[in-house]
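In mature numbering (1 follows the signal peptide of the UniProt record, and there is no 0), the protein residues as written are -20 to -1, 1 to 984.
From the three backbone atoms N, C-alpha and C, an ideal C-beta is built for every residue, glycine too.
What follows is a short report on a single structure.
The following block contains the structure:
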């Protein structure tokens, strides 16, 4: 076409030239013009453009100039020069009469069209005057315009132009094809089908038409026809078309309920840009589900992530059912929970919620307490046929999840849940919970609540027993004794586990009340019982020995101490008591023999100083002064912090004084007065020294010496005594307020008085009882900072306890260390060691914490609660120092004996270490147990869920992993660190899954 156009231009040029003067210039211009035109026609646009420009500038002929401008602009278009459009516009503007004006627009437009630059083509087509086009040019103009609009997806304009050429022999088929596609895109399948049928026989459209027609039939619900048409073309299709046809055929079979036929085609689909979406996974998963292949169904359903539509709700519901079929209840619970949170189908939502509630009861729930889940269902669906059954499960779930407080709230405040039998049980268990937390007063309150509803005789008996136990712990021994006796008389009490220790408890109660005859009778009854436990049985023998001992029945006392020794273990107390008992039955030599043997056998016993001191006293009684002094010296040397040191020194000094060695005695008295100021021994030493000074006639020297003792005020002794006794009397009569004021007055008047130590201690005790910690501490510190006295040990215990209460672990540890070293009572040593390990841990002294914990565990007499604390300190310290092997061992020990929060912590770490070992299913089992048995401990519930999510992802269950992590971020906002960990893990998983699933939203 372009060639003809150029020939015609040349003809016009020659025609016009024939009327011009035949000159040499004309001949030269004509030759150059023809040369430029030839170069243009040969595609040498740049050279042609240059020559046309030369001719244009050297010619005066307007026609020549017009033609040159035309070809210059056309060459610029083909050379893609920046000023091409401007050149063409200038040509049209400067040569309005040129015959090439319209040709210029159409020629440029067609050029851009042929080169695929449709937006450029459209701009120039818009300038064309259609009326000046020939028929063939007009058809091409209309088709090209239609195609340009089609490519721009401006289908209405495209249809307008295509409809103009549907009868064209050259363009009609193409126009119908594109009109059919436009109708297809607009879901006008009848119109599309009509146009596609008109061009069906043409080979160039056959492949695309098969896909479109198959897809249209699918969308029109003609599934069998869609299958047939898709299969026709399937084997001859390209990989991309085959993927799309697989989707059409597979979904058509799916909609016909022919799931086994659907599966191969659904699997063959490659997705959009290599990615499936949630609906694709649902279709294949549901097909497997309908075939009963639940494992494979789960494999597809659990790839549906971020689903928030009806398809997702349906998928999660059937995913849950698939899990149930394979007995994967935790996974089913999560999926039912997810489906119940969507409202696209009310029926699915309600049924999913019901299953979620039942599974929560069966296996526990880390997100919400099981009772809350069940109660929420009943409130949301009050007419559900399953509600009566759920009400029974609700009460039981409170008990099984140990959520007794909420159970009582429900039973006390909701008339729909009145159940006296349940109330009796729940109140009892709440009482036990508080008892285990050492909250005995509140425990009694709940035991009383339980006793007000005597529906079950076993629980009535148990509440009676544990109320008595609580009173015992509060030192309400009369009430406790009454409670034990009442328990013993209750019907059925002999059939419950508490009864086996009744005699033991009664005996202790009588022992505390100093009813030793009754204590003896009950202890004897207990030790003869076949059900007596070894630890309690041995303790019972010891207390029997003590009961006989304090009632001066020394032979029976020794028999029971021997019985305790025969049971093995640490027997220093029993052997010490047995040794001193010989002294009371006139067997002094045997007593000495036993005491010497004891000091050798138990060099680290807390009773070693007692034994050596008693040995010295026994030697004195036999007038064996040398041996007595040797025993005292050994005691002072081996146990320099013993409270018996000043007493032993006094005894030694008195021996010297009585044997004429007054100066040596005086030296010892002065040592006691100096080293143990304000103690009774110091005052006695001053008094004894005074006598020696008087006997020696050195009263002046005594006066000078005693002036240096700030706690001795010569001349004020009687006033000192009187003022102190005035304070001590109301204290002993339990008139604490009056005593407090008088002790304060005493210390104000006699800050260094001979009773200052006792006054500070008693004043500290008063403030301690009134929970005035800050006021109590200085008084106890005064006592512990003086020389050791009978009050030192208890003051150390008190001041340590007060600093622990203030979380001042540094000061607490200072006094706990002393208490451990100086305590005579085993319980104070245990107190010091257990709290030293806790304080060291809080101060991040992990090695010291472990050292103390291991000391604690060496004591066979500690109970399980203390053992749990020690093992947990070891485990936590090991985790802090990255010694996970040691932590694992310690947590395993905790798990055997712990209750409450420590048990929850141990169970979490059991799951943690199993995850580390890649034992993911076992790890999940531990998390499930954590959810069921310890749902009240939310922190470990949340941490356990994050762990479970990691386990599931490692088991290729992305749905479970993402759903659990999203639930953690929504339900546990109070635990910031756990939520942040969940978010980080969720982002990692979603980014990975987004590579294959286009439905995954990776935005925060």
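By the 10 Å Cβ neighbour count, where 16 or more other Cβ atoms means buried, how is residue i classified, buried or exposed?
i: residue 897; result: exposed
i: residue 363; result: exposed
i: residue 59; result: exposed
i: residue 989; result: Nothing can be reported for residue 989: it is not among the residues displayed for the chain, which extend from -20 to 984.
i: residue 483; result: buried
i: residue 713; result: exposed
i: residue 264; result: buried
i: residue 1; result: Since pLDDT at residue 1 reaches only 42, below the 50 mark, its modelled position is unreliable, and no value is offered.
i: residue 99; result: exposed
i: residue 924; result: buried
i: residue 977; result: buried
i: residue 602; result: exposed
i: residue -6; result: Bear in mind that the predicted position of residue -6 carries a pLDDT of just 41, short of 50, making it too unreliable to give a figure here.
i: residue 517; result: buried
i: residue 760; result: buried
i: residue 734; result: buried
i: residue 256; result: buried
i: residue 674; result: exposed
i: residue 700; result: buried
i: residue 535; result: exposed
i: residue 66; result: exposed
i: residue 351; result: buried
i: residue 227; result: buried
How close, in whole Å, do the beta carbons of residue i and residue j come, if the pair is a contact with beta carbons under 8 Å?
i: residue 175; j: residue 160; result: 3 Å
i: residue 232; j: residue 225; result: The pair is not a contact, with the Cβ atoms about 10 Å apart (cut-off 8 Å).
i: residue 420; j: residue 406; result: Actually they do not touch by this definition, with Cβ atoms about 19 Å apart.
i: residue 561; j: residue 537; result: 5 Å
So if DSSP puts residue i in a beta bridge, which residue, or which two residues, is it bridged to?
i: residue 256; result: 977
Note the first and the last residue of the continuous alpha helix (DSSP H) segment covering residue i.
i: residue 759; result: 753 to 765
i: residue 842; result: Note, residue 842: premise wrong, no alpha helix (DSSP H); not H, not E.
i: residue 242; result: 239 to 248
i: residue 319; result: 309 to 320
i: residue 917; result: From DSSP, residue 917 is part of no alpha helix (DSSP H); its letter is neither H nor E.
i: residue 101; result: 98 to 105
i: residue 786; result: It is not in any alpha helix (DSSP H) - residue 786 carries neither H nor E in the DSSP assignment.
i: residue 740; result: 736 to 749
i: residue 520; result: 514 to 530
i: residue 716; result: 716 to 729
i: residue 494; result: Careful: residue 494 lies outside any alpha helix (DSSP H) and carries neither H nor E.
i: residue 605; result: 605 to 618
i: residue 351; result: 350 to 360
i: residue 913; result: 900 to 913
i: residue 937; result: First-last for residue 937: undefined, no H or E at that position.
Leaving out the 5 sequence neighbours to the left and right, which residues in its chain are closer than 6 Å to residue i when beta-carbon positions are compared?
i: residue 490; result: 498 and 499
i: residue 951; result: 347
i: residue 656; result: 626, 662 and 767
i: residue 986; result: This structure leaves residue 986 out entirely; the chain is present only between -20 and 984.
i: residue 649; result: 633, 665, 668 and 669
i: residue 983; result: none
i: residue 644; result: 636
i: residue 858; result: 866 and 867
i: residue 747; result: 755 and 756
i: residue 929; result: 941, 944 and 945
i: residue 850; result: 833, 836 and 837
i: residue 317; result: 336
Closer than 8 Å by C-beta to residue i: which residues in its own chain qualify, once you throw out the five before and the five after it? Chain order, please.
i: residue 35; result: 9, 12, 13, 16, 44 and 48
i: residue 892; result: 903 and 927
i: residue 51; result: 16, 17, 20, 28, 29 and 32
i: residue 5; result: At residue 5 the pLDDT is 48, less than 50, meaning the model places this residue with poor confidence; the figure from the coordinates comes in the next sentence. Answer for residue 5: no residue qualifies.
Please list, in chain order, all residues of the same chain as residue i whose beta carbon is under 7 Å from its beta carbon, the five residues on each side excluded.
i: residue 267; result: 234, 239, 242, 243 and 246
i: residue 3; result: At residue 3, the pLDDT of 46 sits below 50, so the modelled position is not reliable and the matter cannot be decided from this model.
Under the criterion of a Cβ to heavy atom distance below 7 Å, does residue i qualify as lining the ligand FAD?
i: residue 973; result: As far as ligands go, the structure on display features none, and thus does not contain the ligand FAD.
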